[in-house]
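**Q** The structure under discussion is supplied below as structure tokens; questions concerning it will follow.
Here you go:
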């Protein structure tokens, strides 16, 4: 079903940017997950802190959290701004290359 | 101290307010003025039913016991939402194109519209959600009790069980009122969604309010709070790494699979692009809900007596400092979080139960299937209402039986793990075409069993037979099978143990089952449509050319989605095919589309089965599939222009064919009419001539005629001449109307009076038998601008036709009047006779057309033609309405006359 139809090898600047934004968005949870697990490495038997670093861990987790939300908000804003002018005709054309990339993330 | 009675009053008025808001939103939606009601803000807020009373009260208790670990429950969904909403986007798109009504429907529809899977997921969801509903009831009851204990002098003595019962009953009422107004899943529950969005705001304000009070009211700002946290036992807890990671992933999984989340995420989603906003706004909401949890827990442990329940800190802290307003707000917040979860969960579960358990059973009892008499719609709605009541009753009984365990967090975790068992089948289904029904069934069964054995049943302890001995030594001494140390895995936290084992074995069984089995054709078809939902929406189809009669289909569709919607759908389809009237050809495409529409009401499996009973052709072979795929590939090669042209051609051809049929029929009728009209003209002529001869001869003969015969003969001549005139009048009238030269006498009148006048005019004297009239006089009082005499003429004609032709023992005429949104009026005249055969339906409005060849009724076949011309001149249209159990005519008139028509 996925024959290489109509999808160009090199993209214009705008669509290129858009694809990288989408990449960033997909990677975001992975970064968030890794950063959020950092406190598990803090404290423990040898130190005077509990595992997780006590109050330090609390501040860390919530800072990472709000940071990720801000990043997601910025990416979403950039994506919607790109999308708004051609939203209506893009909906009718699932084959639009830039558009397709957002949509069928799982298998491309 | 706040009076307990006052609290009850506040709570009741809040509930009344919610009802009012929901009602208002429904009314607005009915008038089509949705506006901001379908904005992304409302969507995001409605997602907040993820935060139940478990969050509102339980998170603080959780934090007091295990420190930072509570955040895992909100971090999982955050990760899903901020980066991976393309999973959701795909779900939403599938939900839209396939008319998915619930998680169970998604799974069942993906794996070949399987009833077994539907039932499995439904059972899993009910078992997994019941404890959660019990939890909400418990938390509301507990929060009432907190106020009751704080204020023993109140008139009402709070009784936990009674409170829970009242709350459950109130919620059932709300869910039934606003959750079962319509059947179609794609018509959204605007009332419910608006109400839960409002509740989302209240609970956010409640928790954040208490948080701000704790940090800046009791404490001394952020710095002081950090010092307090550092000194508190809360930050001395060691975080368990495996548990931390497992719970994060588990909550992310549950976020996708919880029935209530699926309901708001997918089913109630109005537009895909709302996901853009929700992608960051919902995590922000979760962040806000979690931020103050640790400060509240820390301060609560610090200042409240050691015996107080940490789950109730959100209430007891403001109460201790005598902040009555804040305590009430916080109480309402908790009440909101509990009620919104229960309402949506009840609606979601009732949809599943009625579509996947009640309907299949009901269908199998009715062997004659979907064409039987009786209203399926009311059966479905009734079963949904009963299911809502049933689900809440189950929750209440669970609450009574479990006796209200103290820690809220444990129950929530059990529920999450149970429902997360759907995840492998769900993700596999939408991303992997190789996933099969066998695999999904195997995975779900294994996951469900392991979950029940390692987590769910042990939570009941001795009552379910899971005694200390069994936990320590395994069943029959089989140490490998110890519920919390399966296959010798020891020293792991029980939750992690259960989650990892159940999901791992579940996924394993799912993959293995899918790899070794071979999917049925319908599965392959659905699989391709689900996985490639963005590539082609609905180009393959599962119906080969069936033998379905369009009229049978209409009868069935009317019973499920309601008469008006069904007629609209059929009419639109007929128009798209280039046909007139209400009956399109039963092409495979149309069957496919109809099935989807029905699936939106009763679920994919049931809709498929019902349609299969009528259409036959339910069996699709692999060869058919390949043929369809070939066809698709060829179609792709054509340019879209060619495709359009061929479509255009097909439409024209269909139109031509129809026109040709009509012409042939008309020509035959015209011939018949010519001989008929000559006959009609000749018969009176002959008698006039004969009798006038007698009169003439009588005048000349020797014995003059007696006066009696004279009167009689000239009377006959007069009558015959009148008959002739009437016939010629009709013909003249018709030609005037057709040429548009008629001058209409526009005036304002009440439609009721016109109908009344027509009924009176036809009541006596005419041929035919007495009629039973069914009408709703109230709905007829509509002011209308029209030509009263002409309109009455149309009505008289239709009523007279019923009197003449209705073949029933007790002829009954039903008149229904409806005012449409576009300021038109719809008037239906339907009788209970044998109706009009399909091939005649297209010509009855033509001149000279008559149903039967014999002239028994004495008309020349001009009545309906005149009716049509009059109605057209009045700016409306008249059409035959099939599938009403008899002949039925529908008149569609503009209410107000527009000049220059």
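Chains as they are written, first to last, in the numbering used here: chain A, 727 to 834; chain B, 19 to 919.
Glycine included, every Cβ here is placed at the ideal spot set by N, Cα and C.
Anything in chain A within Cβ reach of residue 511 of chain B, meaning under 9 Å, just list it in chain order.
**A** Ordered by position in chain A, no residue passes the 9 Å Cβ test against residue 511 of chain B, which lies about 14 Å from the chain.
**Q** Just to confirm the assignment, what range does the beta strand (DSSP E) spanning residue 793 of chain B have?
**A** Element bounds for residue 793 of chain B: 790-793.
**Q** Let me know the secondary structure DSSP gives residue 762 of chain B once reduced to three states.
**A** Coil.
**Q** Pull up the distance between the alpha-carbon of residue 708 of chain B and that of residue 750 of chain B, whole angstroms please.
**A** Approximately 27 Å between the Cα atoms of the pair.
**Q** Any C-beta of chain A within less than 7 Å: which residues of the segment 248-260 of chain B qualify?
**A** Those would be 248, 253, 254, 255, 256, 257, 259, in chain order.
**Q** I'd like to know whether the C-beta of residue 766 of chain A is nearer than 8 Å to at least one C-beta of chain B.
**A** It does; some Cβ of chain B falls within 8 Å.
**Q** For residue 897 of chain B, name the three-state secondary structure that DSSP assigns.
**A** Here residue 897 of chain B sits in strand by DSSP.
**Q** So that I know if they touch, is there some Cβ in chain A lying closer than 8 Å to that of residue 431 of chain B?
**A** So no, residue 431 of chain B is outside the interface.
**Q** Going along the chain, which residues of its own chain have a beta-carbon closer than 8 Å to the beta-carbon of residue 54 of chain B, five neighbours each way excluded?
**A** Around residue 54 of chain B: 60.
**Q** Where are the alpha helix (DSSP H) runs, 4 residues long or more, that stay fully inside the segment 522-602 of chain B, in chain order?
**A** With a minimum length of 4 residues, the continuous alpha helix (DSSP H) runs that stay inside the segment 522-602 of chain B are 539-549, 568-579, 581-594.
**Q** At the 8 Å Cβ level, is residue 783 of chain A part of the contact set with chain B, yes or no?
**A** For residue 783 of chain A, the answer is yes, since a Cβ of chain B falls inside 8 Å of its Cβ.
**Q** Using the Cβ count rule (16 or more neighbours within 10 Å means buried), how would you classify residue 697 of chain B?
**A** When all chains shown are included, residue 697 of chain B counts as exposed.
**Q** Go ahead and pull the three-state DSSP assignment for residue 342 of chain B.
**A** In the structure shown, residue 342 of chain B sits in a helix (DSSP, three-state: H, G or I).
**Q** Residue 253 of chain B and residue 784 of chain A look like a contact to me (Cβ under 8 Å); what is the Cβ gap, rounded to whole Å?
**A** Contact holds; Cβ gap of about 7 Å.
**Q** Please classify residue 810 of chain A as buried or exposed, where buried requires at least 16 neighbouring CB atoms within 10 angstroms.
**A** Its pLDDT being 49, under 50, residue 810 of chain A is placed unreliably by the model, and the measurement read from it follows with that caveat. Its Cβ having fewer than 16 others within 10 Å, residue 810 of chain A is exposed.
**Q** Whole angstroms are fine: how far does the CA of residue 604 of chain B sit from the CA of residue 261 of chain B?
**A** Taking the straight line from one Cα to the other gives about 57 Å.
**Q** May I ask you to verify whether the segment 451-461 of chain B touches the segment 125-135 of chain B, counting CB pairs closer than 8 Å and requiring at least 3?
**A** The segment 451-461 of chain B vs the segment 125-135 of chain B: in contact.
**Q** Could you round the C-beta distance between residue 188 of chain B and residue 196 of chain B to whole angstroms and report it? I think they count as a contact, below 8 Å.
**A** Not quite, the Cβ-Cβ distance comes to about 13 Å (not below 8 Å), so this is no contact.
**Q** What are the residues that DSSP puts in a beta bridge with residue 801 of chain B?
**A** Residue 801 of chain B is bridged to B/768.
**Q** Which partner residues of residue 248 of chain B appear in the DSSP bridge assignment?
**A** According to DSSP, residue 248 of chain B bridges with nothing at all.
**Q** For chain B, find out if any of its Cβ atoms is closer than 8 Å to the Cβ of residue 798 of chain A; answer yes or no.
**A** Cβ-Cβ to chain B under 8 Å: yes for residue 798 of chain A.
**Q** Beta-carbon of residue 314 of chain B versus every beta-carbon of chain A: anything under 8 Å?
**A** No, residue 314 of chain B does not count as interfacial toward chain A.
**Q** Residues in its own chain within less than 7 Å of residue 100 of chain B by CB, not counting five upstream and five downstream?
**A** 297, 298, 301, listed in sequence order.
**Q** So, is the C-beta of residue 301 of chain B closer than 8 Å to a C-beta in chain A?
**A** Yes, because at least one Cβ of chain A sits closer than 8 Å to the Cβ of residue 301 of chain B.
**Q** Report the residues of the segment 38-68 of chain B with a CB closer than 8 Å to any CB of chain A, ordered along the chain.
**A** Listed by position along the chain: nothing, the set is empty.
**Q** For residue 824 of chain B and residue 155 of chain B, I'd like the C-alpha separation in whole angstroms.
**A** Roughly 59 Å between the two C-alpha positions.
**Q** State whether the segment 270-282 of chain B contacts the segment 330-343 of chain B, with contact taken as three or more CB pairs (one from each stretch) at a distance under 8 Å.
**A** The segment 270-282 of chain B, when compared against the segment 330-343 of chain B, does not touch it at the 8 Å Cβ threshold.
**Q** With DSSP as the reference, label residue 916 of chain B as helix, strand or coil.
**A** Three-state result, residue 916 of chain B: coil.
**Q** Who are the near neighbours of residue 3 of chain B in its chain, counting only those whose CB is closer than 7 Å to its CB and skipping five residues on each side?
**A** The requested residue 3 of chain B is not part of the displayed model; chain B covers only 19 to 919.
**Q** Residue 409 of chain B and residue 377 of chain B - do their beta-carbons sit closer together than 8 Å?
**A** No, the Cβ-Cβ distance between residue 377 of chain B and residue 409 of chain B is not below 8 Å.
**Q** Are the beta-carbon atoms belonging to residue 97 of chain B and residue 275 of chain B less than 8 Å from one another?
**A** No, they are not a contact pair.
**Q** How is residue 845 of chain B classed by DSSP in three states: helix, strand or coil?
**A** DSSP places residue 845 of chain B in strand when its eight states are reduced to three.
**Q** With a cut-off of 8 Å, does the C-beta of residue 272 of chain B fall near any C-beta of chain A?
**A** Not an interface residue.
**Q** Residues bridged to residue 832 of chain B by DSSP?
**A** Partner(s): B/792, B/848.
**Q** Tell whether a beta-carbon distance below 8 Å holds between residue 25 of chain B and residue 353 of chain B.
**A** The answer is no: Cβ separation not under 8 Å.
**Q** Does DSSP classify residue 238 of chain B as helix, strand or coil?
**A** It is coil, neither helix nor strand.
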